[in-house]
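Report on the following structure.
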Amino acid sequence: MKPRPSVVRSVRCPGCGAGCIYAVENPYRPFCSARCKNHDFGAWASERFSVAAETDADAGIDSTVPGTDDGALAPVRPDQRDNQ
Ligand SMILES: [Zn+2]
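Mapping the sequence shown onto our numbering, position 50 (from 1) lands on 957, and the numbers just tick up by one.
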């Protein structure tokens, strides 16, 4: 029988690039520490937040600009307004 290779894997921390253990002993995997994990999450969250904000602004413009309001106003022509 071959000896089983160690289940402990070493990976590079996405936060700081340092080597860290990818195993259950490391609750912050694949990061090396809580600091790196929190930093990465913060960056991701703020980026997502700004993207969401841009999408919101676009959606707001889209919902007011397209023809719904114009369609409601269009039938009222100056001559009809004179009659009323
Ligand atoms: Zn790190």
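We treat Cβ as the ideally placed atom computed from N, Cα and C, and that holds for glycine.
On a predicted model such as this, the values are computed, not experimentally measured, just so you know.
Does DSSP classify S992 as helix, strand or coil? Here the chain has residues from 908 to 991 only, and residue 992 is not among them.
Just to confirm the assignment, what range does the beta strand (DSSP E) spanning Y929 have? The count along the sequence shown starts at 1 and reaches residue 929 at position 22. Its beta strand (DSSP E) spans residues G926 to Y929.
Is any heavy atom of ligand 1 found at a distance shorter than 8 Å from the C-beta of S897? No answer is possible for residue 897: it lies beyond the span of the chain, which begins at 908 and ends at 991.
Check whether the Cβ of G922 sits closer than 8 Å to any heavy atom of ligand 1, and report yes or no. The count along the sequence shown starts at 1 and reaches residue 922 at position 15. At least one heavy atom of ligand 1 is nearer than 8 Å to the Cβ of G922, so yes.
Within the present structure, is the beta-carbon of S940 separated from the nearest heavy atom of ligand 1 by less than 8 Å? The residue given as residue 940 occupies position 33 in the sequence shown. Within the cutoff, so yes.
A925 beta carbon near ligand 2 (any heavy atom closer than 8 Å): Looking for ligand 2 in the displayed structure turns up nothing; the ligands present are ligand 1.
Shorter than 9 Å from the beta carbon of V918 to some beta carbon of chain B? This model lacks chain B altogether, as it is built from one protein chain only.
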